[in-house]
Amino acid sequence: MSARRKGIALVTVLLVAAVLAMLATAMVSLNRNGFLTLGQYQDRSRTVQACYAGLDYARGKILQDGAWGLTPFDDAKVPGLNVVQAMVVESGAAPDLNVVDGELPKDGSRFQLRIVNNLANRYALPAPEWSRCGVAIPPRTAFVAVDGMCEGNRRHMEVLLARKVGVGVGIYAGKDLAIRLASAGPNKVLSFSSTRPRGNHVNVNNKVLLPATANVDFGTTAARGRLQSGQDTLIDTDFAFDSNGDAGTPSSGRSLMGDAALAKQASQDLKATVYTGAPPSPPKFQPDQLKQASAPQPLAPGTYRFINHETVSFTPEGSGSPQLYVGSVPVGSARVRLGEYRFMPEGNIQVNGNLTLVGEQTKMEVSGDQMVATETSAMPVSLAVGYGAKGLPLSFDAAGTDTATKERFTVSGNLTIKGDMVGSGQLFVQKNAQGGGRLKVEGNSLLSATRTDGMAVVAEDSVHFEDVNSMAALQPFAMMTNEFDLYSQAMQPDAFTAKQNTILNDWQGQTTANIIEVVGNDDSPANTLRGRPVGNYDPILQEMAPGFVTQAGTSLIGTLVSVPQGPPGNVVDTTMTAKDLIEAYVQEVSFNQGGMTLGRHTRVREFIKSVDRGAPNPALLSVWHPGAQVAGLTSVGLSDTTYNSYSDSILTMVANQVSAYNQDARLEGKRLMQYMSGANPYSNGQRFDFIFGGILYAQKNIYAHLASKFNLLGSMLSAEGTVGFDDLTGGRVVYDPNSFEEQFDLSKAGLAAQFFWMAP
Amino acid sequence: MTLMEAVLALALLAILLIFVSGLFLRLLAGSEKSGDLTAGAMLAESILQEHCADGRFLSSANQRRLLYNRDGSQAEEFLYQVTCTRLAPAIYYVDVEVSWSGGSRQGQGQLKTRLGRLASP
Chain W
606 MSARRKGIAL
616 VTVLLVAAVL
626 AMLATAMVSL
636 NRNGFLTLGQ
646 YQDRSRTVQA
656 CYAGLDYARG
666 KILQDGAWGL
676 TPFDDAKVPG
686 LNVVQAMVVE
696 SGAAPDLNVV
706 DGELPKDGSR
716 FQLRIVNNLA
726 NRYALPAPEW
736 SRCGVAIPPR
746 TAFVAVDGMC
756 EGNRRHMEVL
766 LARKVGVGVG
776 IYAGKDLAIR
786 LASAGPNKVL
796 SFSSTRPRGN
806 HVNVNNKVLL
816 PATANVDFGT
826 TAARGRLQSG
836 QDTLIDTDFA
846 FDSNGDAGTP
856 SSGRSLMGDA
866 ALAKQASQDL
876 KATVYTGAPP
886 SPPKFQPDQL
896 KQASAPQPLA
906 PGTYRFINHE
916 TVSFTPEGSG
926 SPQLYVGSVP
936 VGSARVRLGE
946 YRFMPEGNIQ
956 VNGNLTLVGE
966 QTKMEVSGDQ
976 MVATETSAMP
986 VSLAVGYGAK
996 GLPLSFDAAG
1006 TDTATKERFT
1016 VSGNLTIKGD
1026 MVGSGQLFVQ
1036 KNAQGGGRLK
1046 VEGNSLLSAT
1056 RTDGMAVVAE
1066 DSVHFEDVNS
1076 MAALQPFAMM
1086 TNEFDLYSQA
1096 MQPDAFTAKQ
1106 NTILNDWQGQ
1116 TTANIIEVVG
1126 NDDSPANTLR
1136 GRPVGNYDPI
1146 LQEMAPGFVT
1156 QAGTSLIGTL
1166 VSVPQGPPGN
1176 VVDTTMTAKD
1186 LIEAYVQEVS
1196 FNQGGMTLGR
1206 HTRVREFIKS
1216 VDRGAPNPAL
1226 LSVWHPGAQV
1236 AGLTSVGLSD
1246 TTYNSYSDSI
1256 LTMVANQVSA
1266 YNQDARLEGK
1276 RLMQYMSGAN
1286 PYSNGQRFDF
1296 IFGGILYAQK
1306 NIYAHLASKF
1316 NLLGSMLSAE
1326 GTVGFDDLTG
1336 GRVVYDPNSF
1346 EEQFDLSKAG
1356 LAAQFFWMAP
Chain E
609 MTLMEAVLAL
619 ALLAILLIFV
629 SGLFLRLLAG
639 SEKSGDLTAG
649 AMLAESILQE
659 HCADGRFLSS
669 ANQRRLLYNR
679 DGSQAEEFLY
689 QVTCTRLAPA
699 IYYVDVEVSW
709 SGGSRQGQGQ
719 LKTRLGRLAS
729 P
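Chains as they are written, first to last, in our numbering: chain W, 606 to 1365; chain E, 609 to 729.
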């Protein structure tokens, strides 16, 4: 072996070693990178989980206390949690400075969150300055921003939380949806829309029976419609309802199932995607998700008959002697208030047995110099659930906070209301040993100023709506069609302060104090609705009672009323005609009291209706001293009234009338002031429409036989039955969760993310 | 090339090969562990999300999930346990621990991972 080859083995081995070393280094580096990547993945995962932890901490706190975040946490750093798994500190001297710092020691991660709680409000808030996505905070949501941190990693999350109400459709029928028109025609009769991008939906488990597609329209808003049925959808149907509200087999109709061309054409005409043979998921709504009420007080079952606006004659169910109640019905530690033909349970009242609410009015006529009773006829009454002492909806008092309980009226039996149901409380009609669970009610007129607005109705059997009684026009809260113009004129933005304008624009859910600030506490000329001048009153009076004959045909000249004469403290009754009283009142307030105002007009309107009802109430018109507080009108049977009597009633009537306009504005998708600046949309032809705002749930059928249109602002669900509209001339279904979300107990409904945004 | 040189070269080569083989075996094991840990971490995250979304917050132990992690034809068994602790009304701590290959193996150390967070219904 030559000398040149000396050492070659060693060199070769060293070369191999060098190559192997490089290879090993590369492999180690690759392996290390793998572990580093894994570590980073785990850190990022923990960072994201820290964000979720912060979000769920906020969610858990809100579920326990719906007002969490509305008040300062505490500058003293209150420990929210201090356990081995998590240490959380809440601090902040003001709601907009509230901050929550959390640490998850086991995961080596931390979070910091901030919140804007808008869950109880009905109006949007602007995005807070610290928001990075800058999204406005919609009504009934909570905005939570969380920063998650772990080992130098950082993630930012912004979420809008909203109640999981489990209701996402305007109408759901566990069986069929059947719509039968009063008469066939080419015009649009029924429209569906939604205030949410998704929600313009109708879900039906079995069949859908529709009139012509031209009569039905899902396209009134940008939210695309959807009509989904588990079986067939038939159009151009002709069928009849049976006595239970079930739809009979159609004698004619065209099936969309299996006819792709017809289904496509129908989808275009209806402006909705039509699915057939696709059973929808039932809504996840359960009545026990609704807010609870206080301990129930028992009210005796039977028939409560209003014989005047505040007096009820009670006939017990079965045996027992009849009783007369004036002003209120005592119920244990609670009561049912009686006023303006409204039966107003307070708190939580339960009836174990059947309950019937009816009313009547007795016409009085002049005979010689006396008023004598002539004929008695039915007068519609209201079951009003959820009203406060001033007669305003309690939801006003709770504005801005999320109340734990709701006013509830429960009937374990059948409930029949010869009138309407109004308010924002809860009505439960339950089954009992004898059956029960059926609710039968007339609707409330579109021209009624008291509405169901935010009400939750649960019936364990069926719900049956009948035609609205024509006497509804004489109900105390019935509006006049031309009053829209009076209110429109009174609500000119430049007539109010900036705060009053804000209150008017955001009317729904304002506090009682704010309502009174706009409406006013008396009728004297002032910067309030009640105090707003109405101008020349002769044409208005002429429209209410042309030739001094009322709408129901009562002569104001032929009606005698007994009124107090003279100054306060020197009350002597005198008898005059209703016409003379009105003229004296108008003259007095016009020349000596600053003029006719909206509040004073409301008094005249209500006085005329009281004449029409056969029970003239001159205490509404205080001729000599309008607004003067004087006790004692015992001579006319009203022991607790004064010259300024019924002031709260007038306040309620004006406030409720604005609320009614506001509800109608929402049906049109408008704000109140925008709606009021438009043309008068009311006519006497709409007086007997039916309106429901809230959530209506029946275990079995929901059947409506209505002489005129219906308006639904909310959701209508029938768990096992048919939703049927018979003899329909028109209607609107507006799916608006805002109108019923407040009914849900947060801790039972839960919160879901409505909007989710994440960034580094 | 002398005999001495040859012996030295062979010895060096042997040492080198032994070292490199050992290193490669360890790297292989590390790579396996890294792969399993990635799968385990993803599984833990997925199970954590499931339990938080479920909202029932029920603890469970000795649950198994088969994953095709290293070998597409043969699934590997991952065991997991979920511990839900109620810390306050409507606030829970959900802890997910995932283990595989018995939880440890010589040369690979602990073969498990965990992930947890606060959660609410």
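Even glycine gets a Cβ: it sits at the ideal position worked out from N, Cα and C. Remember, it's a predicted structure, so these values are computed and weren't measured experimentally.
- Query: For residue 738/W, which of helix, strand or coil comes out of DSSP?
  - Reply: Coil.
- Beta-carbon of residue 628/E versus every beta-carbon of chain W: anything under 7 Å? Answer yes: the Cβ-Cβ gap between residue 628/E and chain W drops below 7 Å somewhere.
- Task: Work out the CA separation of residue 813/W and residue 894/W for me, nearest whole Å.
- Result: Rounded to the nearest angstrom, the two C-alpha atoms are 29 Å apart.
- Task: Find out if the Cβ-Cβ distance for the pair residue 695/E, residue 683/E is shorter than 7 Å.
- Result: In this structure, residue 683/E does not lie closer than 7 Å to residue 695/E by Cβ.
- Separation of residue 1181/W from residue 1168/W, as counted between CA atoms: C-alpha separation (whole angstroms): 8 Å.
- Message: Looking at the secondary structure, which residues open and close the beta strand (DSSP E) in which residue 1363/W lies?
- Response: 1356-1364 is the span of the beta strand (DSSP E), which, as asked, contains residue 1363/W.
- Item | Nearest-angstrom beta carbon gap, residue 1323/W and residue 778/W [assumed within contact, 8 Å] | Contact holds; Cβ gap of about 5 Å.
- Query: chain E beta carbons: is any one of them nearer than 7 Å to that of residue 963/W?
  - Reply: No, no contact with chain E.
- Message: Just verifying my parser: in three-state terms, what is the DSSP assignment at residue 677/E?
- Response: Residue 677/E: strand per DSSP, three-state reduction.
- Residues of the region 684-717 of chain E with a CB closer than 9 Å to any CB of chain W: list them in chain order, please. Flagged, chain order: 693, 695, 696, 697, 698, 699, 700, 701, 703.
- Query: Quick one: is residue 725/E near chain W, going by C-beta distance under 7 Å?
  - Reply: Taking CB atoms only, residue 725/E has a neighbour in chain W less than 7 Å away.
- Item | alpha helix (DSSP H) segment containing residue 648/W, residue limits | Where residue 648/W is concerned, the enclosing alpha helix (DSSP H) stretches over 613-669.
- How big is the Cα-Cα spacing for residue 809/W and residue 711/E? Approximately 52 Å between the Cα atoms of the pair.
- Item | Beta carbon of residue 699/E nearer than 7 Å to that of residue 728/E | Cβ distance < 7 Å, so residue 699/E and residue 728/E count as in contact.
- Message: Between residue 1005/W and chain E, is the shortest Cβ-Cβ distance under 7 Å, so that the two count as touching?
- Response: Residue placement at residue 1005/W is poorly supported in this model, since its pLDDT is 48, which falls under 50; the coordinates still yield a value, given next. The beta carbon of residue 1005/W does not come within 7 Å of any beta carbon belonging to chain E, so the residue lies off that interface.
- Task: Using a Cβ-Cβ cut-off of less than 7 Å, list which residues of the region 633-646 of chain E approach chain W; keep chain order.
- Result: Residues passing the 7 Å Cβ filter: 635, 638, 639, 642, 645, 646.
- Given a limit of 7 Å on CB to CB distance, which residues of the region 662-674 of chain W reach chain E? Within the region 662-674 of chain W, the qualifying residues are 662, 664, 665, 668, 669.
- Item | For residue 1271/W, the three-state DSSP class (helix, strand or coil) | Residue state, collapsed to three classes: helix.
- Interface residues of chain W around residue 649/E at Cβ under 9 Å? What residue 649/E touches in chain W: 643, 646, 647, 650.
- Message: Once the 5 residues before and after residue 912/W are set aside, which same chain residues still bring their CB inside 7 Å of it?
- Response: Here the set comprises 918, 965.
- Task: Measure the C-alpha to C-alpha separation of residue 896/W and residue 685/E and round it to an integer number of angstroms.
- Result: Rounded to whole angstroms, residue 896/W to residue 685/E spans 47 Å at the Cα level.
- Item | Residues that residue 620/E contacts on chain W, provided the C-beta gap is smaller than 8 Å | Chain W residues near residue 620/E: 615, 618, 619, 622.
- Task: Assign residue 1147/W to one of three DSSP states: helix, strand, or coil.
- Result: Helix, per DSSP.
- Are three or more beta carbon pairs between the region 1073-1090 of chain W and the region 1010-1022 of chain W nearer than 8 Å? A contact is defined here as three or more CB-CB pairs under 8 Å, and the region 1073-1090 of chain W fails this definition with respect to the region 1010-1022 of chain W.
- Query: residue 806/W bridges to which residues according to DSSP?
  - Reply: Answer is 831/W, bridged to residue 806/W.
- Task: Report the three-state DSSP secondary structure of residue 702/W (helix, strand or coil).
- Result: Here residue 702/W sits in helix by DSSP.
- Message: Between 723/E, 640/E, 688/E, which has its C-alpha nearest residue 715/E's C-alpha?
- Response: With distances taken between CA atoms, residue 715/E lies nearest to 640/E out of 723/E, 640/E, 688/E.
- What is the rounded straight-line gap between the Cα of residue 629/E and the Cα of residue 637/E? Separation of residue 629/E and residue 637/E (C-alpha to C-alpha, rounded to the nearest whole angstrom) is 12 Å.
- Message: Mapping the DSSP letters down to three states, classify residue 1204/W as helix, strand or coil.
- Response: Helix at residue 1204/W.
- Message: Check whether chain W comes within 7 Å of residue 719/E, counting only Cβ atoms and requiring the distance to be less than that.
- Response: No, because no Cβ of chain W sits closer than 7 Å to the Cβ of residue 719/E.
- Would you tell me roughly how many angstroms separate the C-alpha atoms of residue 1153/W and residue 1185/W, rounded to the nearest one? Between residue 1153/W and residue 1185/W, the alpha-carbon positions lie close to 10 Å from each other.
- Query: DSSP on residue 772/W, reduced to helix/strand/coil?
  - Reply: The answer is coil: DSSP assigns residue 772/W none of H, G, I, E or B.
- Message: Looking only at its chain, what residues have a beta carbon closer than 7 Å to the beta carbon of residue 901/W, apart from the 5 residues adjacent to it on each side?
- Response: Taken in chain order, the residues that qualify are 953, 954, 955, 1015.
- Message: Distance check for residue 929/W and residue 1301/W, CA to CA, integer angstroms please.
- Response: In a straight line, the C-alpha of residue 1301/W is about 33 Å away from that of residue 929/W.
- Could you tell me whether any Cβ in chain A is nearer than 7 Å to the Cβ of residue 675/E? No chain A appears in the structure shown, which is made up of the protein chains W and E.
- Under the three-state reduction of DSSP, which class applies to residue 1342/W: helix, strand or coil? If DSSP states are grouped into helix, strand and coil, residue 1342/W belongs with the helices.
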